[in-house]
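Engineer:
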Amino acid sequence: MAGAKKGSMGFWSCTALVVGNMIGSGVFLLPSSLAAFGGLSLLGWLVSTTGAVILAFTFARLARLNPGAGGPYAYTRDGFGSFAGYLCAWTYWKAAWIGNAAIAVTLVGYLRVFIPALADPMLMVVTAIGSIWLCTLINLRGITAFAVVQNCLTALKLIPLLLVGILGWFHFNPDYLSIPAPSELPNMGYAQAIATTAALTLWSFIGLESATVPADDVHDPKRTIPRATLFGTLAAAAVYILSITAVQGLMPPEVLAKSTSPFADAARILLGEWGYYLVAAGAVIACLGALNGWVLLQGQIPVAPARDGLFPESLGKLNKNGAPGNGLLASGLLVTALVMVDGHGDLVDVFNVIILLGTMTGVVPYAFCTAALLQLLAVKPESFSPRSRPQVLAIGCLGFLYSLWALYGTGQQAIFWGFLVFMAGIPMYTWRQYRNRAQGLPLASGD
Numbered sequence: 001m002a003g004a005k006k007g008s009m010g011f012w013s014c015t016a017l018v019v020g021n022m023i024g025s026g027v028f029l030l031p032s033s034l035a036a037f038g039g040l041s042l043l044g045w046l047v048s049t050t051g052a053v054i055l056a057f058t059f060a061r062l063a064r065l066n067p068g069a070g071g072p073y074a075y076t077r078d079g080f081g082s083f084a085g086y087l088c089a090w091t092y093w094k095a096a097w098i099g100n101a102a103i104a105v106t107l108v109g110y111l112r113v114f115i116p117a118l119a120d121p122m123l124m125v126v127t128a129i130g131s132i133w134l135c136t137l138i139n140l141r142g143i144t145a146f147a148v149v150q151n152c153l154t155a156l157k158l159i160p161l162l163l164v165g166i167l168g169w170f171h172f173n174p175d176y177l178s179i180p181a182p183s184e185l186p187n188m189g190y191a192q193a194i195a196t197t198a199a200l201t202l203w204s205f206i207g208l209e210s211a212t213v214p215a216d217d218v219h220d221p222k223r224t225i226p227r228a229t230l231f232g233t234l235a236a237a238a239v240y241i242l243s244i245t246a247v248q249g250l251m252p253p254e255v256l257a258k259s260t261s262p263f264a265d266a267a268r269i270l271l272g273e274w275g276y277y278l279v280a281a282g283a284v285i286a287c288l289g290a291l292n293g294w295v296l297l298q299g300q301i302p303v304a305p306a307r308d309g310l311f312p313e314s315l316g317k318l319n320k321n322g323a324p325g326n327g328l329l330a331s332g333l334l335v336t337a338l339v340m341v342d343g344h345g346d347l348v349d350v351f352n353v354i355i356l357l358g359t360m361t362g363v364v365p366y367a368f369c370t371a372a373l374l375q376l377l378a379v380k381p382e383s384f385s386p387r388s389r390p391q392v393l394a395i396g397c398l399g400f401l402y403s404l405w406a407l408y409g410t411g412q413q414a415i416f417w418g419f420l421v422f423m424a425g426i427p428m429y430t431w432r433q434y435r436n437r438a439q440g441l442p443l444a445s446g447d
């Protein structure tokens, strides 16, 4: 990468990217989203954590096979060819900027603690957009500036989470996590409720593959990326279950469901006003860290497919700092448009709609990658040692089945809109191939 120090991200920077991208909007507003499901949410956590660990093993294995840049796009391309790789990249890119809209909305929810005027929808939208462009400017400065900011924000965000997560268990009320009666659930039975809570909690794990994308900037990627992916996923899962369950046990479900800053409200119960403001500040820092990490990804995701002639060529160009300037600016505009369209109404309702759509688009690349692992095992078995092949087969099958189940859990509305946007990306592939032919460039292979 011109203008960037190759291999400047080590294990801790990669782990900070993984943990920072996962621990953000999901953990700090999710207690409100799960309140209506009571104890069923624990089953959702069990399913999503198990699935996340399986997916982490999948990406660890794929990163060892191909430590190059591109992440899910590169793995899908290697397994199924350029068109499948393009669809994966298109969906993954879409998931990044949809997710950033959710993170920005959550950030504003916690800023309300300090600036009550942000309850006004117009001010909420303006502030959310401002946070998106702040992170875009940081990433335009290059990977070194990103790593410094990300490491600091990740360390700071863990303090209030662990504080509430540990102290909350000394005041835990198990009645608040009882199993609700079927009539108390939002128009669904127990099976659908568990699937929905698993989809909502899976949102907290979206980003576990983050270290695979900027592989060109990772030191010893074949070793560093798998280790950071597995360690980061397990660390995030421990923090999630410890802290979110503690918050659910501190507040009545009907109160928690209406909270736009549940961790700060829980800290007020535990520590008084100073704890309320401490955790709210930590939540703002956490959301900013997650937004910073995902802004990096939404700029990096188009780079590899653009260089392969699948995305517009301009998205693959780097600026003088070695950052994908055009990709960052284009993605920033897309997120801005999404916030302007969806950033009105009740904060928790807006958050739920966005994260279900974001989870749907985030899980599709997981399905592609788990299937690609099985495809590579089928057509290139020599890439795996005979001893490891049964393990790879099990990981691929379980990961693919889990991805399908998670898609089911996002619900009909998310799948409907997600599928429409998924199909809407096909004309750009055709246009790019037309441009390649007109310019005398090689066409993408379907092999």
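Numbering (full-length UniProt numbering), first residue to last: 1 to 447. Glycine residues also receive a C-beta, built at the ideal position from the N, C-alpha and C atoms.
(1) Would you identify the three-state DSSP class for V113, choosing helix, strand or coil?
(2) Work out the CA separation of R141 and A102 for me, nearest whole Å.
(3) Going by the CB atoms, is the gap between I23 and V339 shorter than 7 Å?
(4) According to DSSP, is V218 helix, strand or coil?
(5) Specify, as a first and last residue, the run of the alpha helix (DSSP H) that E254 falls within.
(6) Out of G51, A181, L55, which has the shortest C-alpha to C-alpha gap to G38?
(7) Report back the beta-carbon spacing between S82 and D308 to the nearest angstrom; my notes put them in contact at under 8 Å.
(8) Measuring only the C-alpha atoms, how far is M1 from C14?
(9) Using 10 angstroms around the beta-carbon of A74, count the other beta-carbons present and answer buried if the total reaches 16, otherwise exposed.
(10) Starting from the Cα of G94, find the closest Cα among W169, A60, I301 and give me that residue.
(11) Do G189 and L242 have their beta-carbon atoms positioned less than 7 Å apart in this structure?
(12) Output the distance between the C-alpha atoms of G289 and R223, rounded to the nearest integer angstrom.
(13) Can you tell me where the alpha helix (DSSP H) holding G79 begins and where it ends?
(14) Following the continuous alpha helix (DSSP H) through F422, name the residue where it begins and the one where it ends.
(15) Please return the same chain residues whose Cβ sits closer than 8 Å to the Cβ of G396, not counting the five positions on each side in sequence.
(16) How about G20 and Q192: do their beta carbons lie closer than 7 Å?
(17) Quick one, which of G207, F114, M124 has its alpha-carbon nearest A237's?
(18) Can you tell me the Cα-Cα spacing of R64 and I115, whole angstroms?
(19) If you count every other CB in all the chains shown that lies within 10 Å of the CB of I426, and 16 or more means buried, which is it?
(20) Please report how far the alpha carbon of N292 lies from the alpha carbon of D217, in whole angstroms.
(21) A198 and S48: beta carbons closer than 7 Å?
(22) Am I right that A406 and V363 are in contact with their C-beta atoms under 8 Å? What's the rounded C-beta distance?
(23) Using a Cβ-Cβ cut-off of 8 Å (strictly less than) and excluding sequence neighbours within five positions of I132, which residues of its own chain qualify?
(24) Evaluate V18 with the Cβ neighbour count: other Cβ atoms within 10 Å of its Cβ, from every protein chain shown; 16 or more gives buried, anything less gives exposed.
(25) Report the rounded CA-to-CA distance for N319 versus P67, giving the unit in angstroms.
(26) Which residue from V27, F11, A35 puts its Cα closest to that of E254?
(27) Going by Cα to Cα distance, which pick from A56, V148, A119, M122 is closest to G10?
(28) Do you know offhand how far L271's Cα is from F416's?
(29) Suppose you measure from the CA of L329 to the CA of I143; what does that come to, to the nearest Å?
(30) Find the nearest neighbour of F311 within the set L161, R435, G440, L162, judged by alpha-carbon distance.
(31) Only counting the same chain, and skipping five residues up and downstream in sequence, which positions put a Cβ closer than 7 Å to that of G71?
(32) Check whether the Cβ of P72 lies closer than 7 Å to any Cβ atom in chain B.
Structural biologist: The answer reads as follows:
(1) Here residue 113 refers to the residue found at position 113 when the sequence shown is read from its first residue. Three-state result, V113: coil.
(2) Position 102 of the sequence shown holds residue 102. Position 141 of the sequence shown holds residue 141. Distance between the alpha carbons of A102 and R141 is about 24 Å.
(3) As a position in the sequence shown, residue 339 is number 339, starting the count at 1. As a position in the sequence shown, residue 23 is number 23, starting the count at 1. Contact flag unset, no.
(4) Looking up residue 218 in the sequence shown gives position 218. Per DSSP, reduced to three states, the secondary structure at V218 is strand.
(5) Residue mapping note: residue 254 aligns to position 254 of the sequence shown, counting from 1. Its alpha helix (DSSP H) spans residues 253 to 256.
(6) Position 38 of the sequence shown holds residue 38. Measuring from the Cα of G38, the nearest candidate turns out to be A181.
(7) Numbered from 1 along the sequence shown, position 82 holds the residue referred to as residue 82. Numbered from 1 along the sequence shown, position 308 holds the residue referred to as residue 308. S82 to D308, Cβ: 7 Å. Contact.
(8) On the sequence shown, residue 1 is found 1 positions in, with the first residue counted as 1. On the sequence shown, residue 14 is found 14 positions in, with the first residue counted as 1. Confidence at M1 is low in this model, with a pLDDT of 38, below 50, so the placement of that residue should be treated as unreliable; the coordinate-derived value is given next. Distance from the CA of M1 to the CA of C14, rounded to the nearest whole angstrom, comes to 18 Å.
(9) Looking up residue 74 in the sequence shown gives position 74. By the neighbour-count definition (other C-beta atoms within 10 Å, threshold 16), A74 is a buried residue.
(10) In the sequence shown, counting from the first residue as 1, residue 94 sits at position 94. Before going further, note that residue 94 is Lys rather than Gly in the sequence given. Of W169, A60, I301, the residue nearest in Cα terms is I301.
(11) Here residue 242 is taken as the residue at index 242 of the sequence shown, counted from 1. Here residue 189 is taken as the residue at index 189 of the sequence shown, counted from 1. It is not a contact, given that the beta carbons lie outside the stated cut-off.
(12) The residue you call residue 289 lines up with position 289 of the sequence shown. The residue you call residue 223 lines up with position 223 of the sequence shown. If you take the alpha carbons of G289 and R223, they lie about 25 Å apart.
(13) Stepping through the sequence shown from its first residue, residue 79 is reached at position 79. Per DSSP, G79 belongs to the alpha helix (DSSP H) from 72 to 80.
(14) One-based indexing of the sequence shown puts residue 422 at position 422. The continuous alpha helix (DSSP H) containing F422 extends over residues 412 to 424.
(15) Taking the first residue of the sequence shown as position 1, residue 396 is located at position 396. Excluding residues up to 5 positions away in sequence, T58, T370, A371, L373, L374, L377 lie with their Cβ nearer than 8 Å to the Cβ of G396 in the same chain.
(16) If you number the sequence shown from 1, residue 20 lands on position 20. If you number the sequence shown from 1, residue 192 lands on position 192. Not a contact, by the Cβ cut-off of 7 Å.
(17) Along the sequence shown, one-based indexing puts residue 237 at 237. Sorting G207, F114, M124 by C-alpha distance to the C-alpha of A237 places G207 at the top.
(18) Your numbering for residue 64 matches position 64 in the sequence shown. Your numbering for residue 115 matches position 115 in the sequence shown. Going from the Cα of R64 to the Cα of I115 covers about 47 Å.
(19) If you number the sequence shown from 1, residue 426 lands on position 426. Note on I426: under 16 other CB atoms within 10 angstroms of its CB, so exposed under the neighbour-count rule.
(20) Start at 1 with the first residue of the sequence shown, and residue 292 comes out as number 292. Start at 1 with the first residue of the sequence shown, and residue 217 comes out as number 217. One C-alpha to the other measures close to 17 Å.
(21) Numbered from its first residue, the sequence shown carries residue 198 at position 198. Numbered from its first residue, the sequence shown carries residue 48 at position 48. Yes, these two residues count as a Cβ contact at 7 Å.
(22) Position 406 of the sequence shown holds residue 406. Position 363 of the sequence shown holds residue 363. With 8 Å as the limit, A406 and V363 qualify as a contact, their Cβ atoms being about 5 Å apart.
(23) As a first step, residue 132 must be located in the sequence shown, where it is residue number 132. Excluding sequence neighbours, I132 sits near N100, A104, L291, V295, G332, V335, T336, V339.
(24) One-based indexing of the sequence shown puts residue 18 at position 18. By the neighbour-count criterion, in which a residue is buried when 16 or more other Cβ atoms sit within 10 angstroms of its Cβ, V18 is buried.
(25) Taking the first residue of the sequence shown as 1, we reach residue 319 at position 319. Taking the first residue of the sequence shown as 1, we reach residue 67 at position 67. Spanning the two alpha carbons is a distance of roughly 23 Å.
(26) Mapped onto the sequence shown, residue 254 falls at position 254. Nearest option by C-alpha distance: A35.
(27) As a first step, residue 10 must be located in the sequence shown, where it is residue number 10. A check of alpha carbon separations from G10 across A56, V148, A119, M122 identifies V148 as the nearest.
(28) Here residue 271 is taken as the residue at index 271 of the sequence shown, counted from 1. Here residue 416 is taken as the residue at index 416 of the sequence shown, counted from 1. A direct Cα-Cα distance of roughly 44 Å separates L271 from F416.
(29) On the sequence shown, residue 329 is found 329 positions in, with the first residue counted as 1. On the sequence shown, residue 143 is found 143 positions in, with the first residue counted as 1. When the Cα atoms are used, L329 and I143 turn out to be separated by approximately 16 Å.
(30) Here residue 311 refers to the residue found at position 311 when the sequence shown is read from its first residue. Here the closest residue by C-alpha is R435.
(31) Along the sequence shown, read from residue 1 onward, the residue named residue 71 stands at position 71. Excluding positions up to five away in sequence, the list reads E209, T212, V213.
(32) Chain labels in this structure do not include chain B; a single protein chain is all it has.
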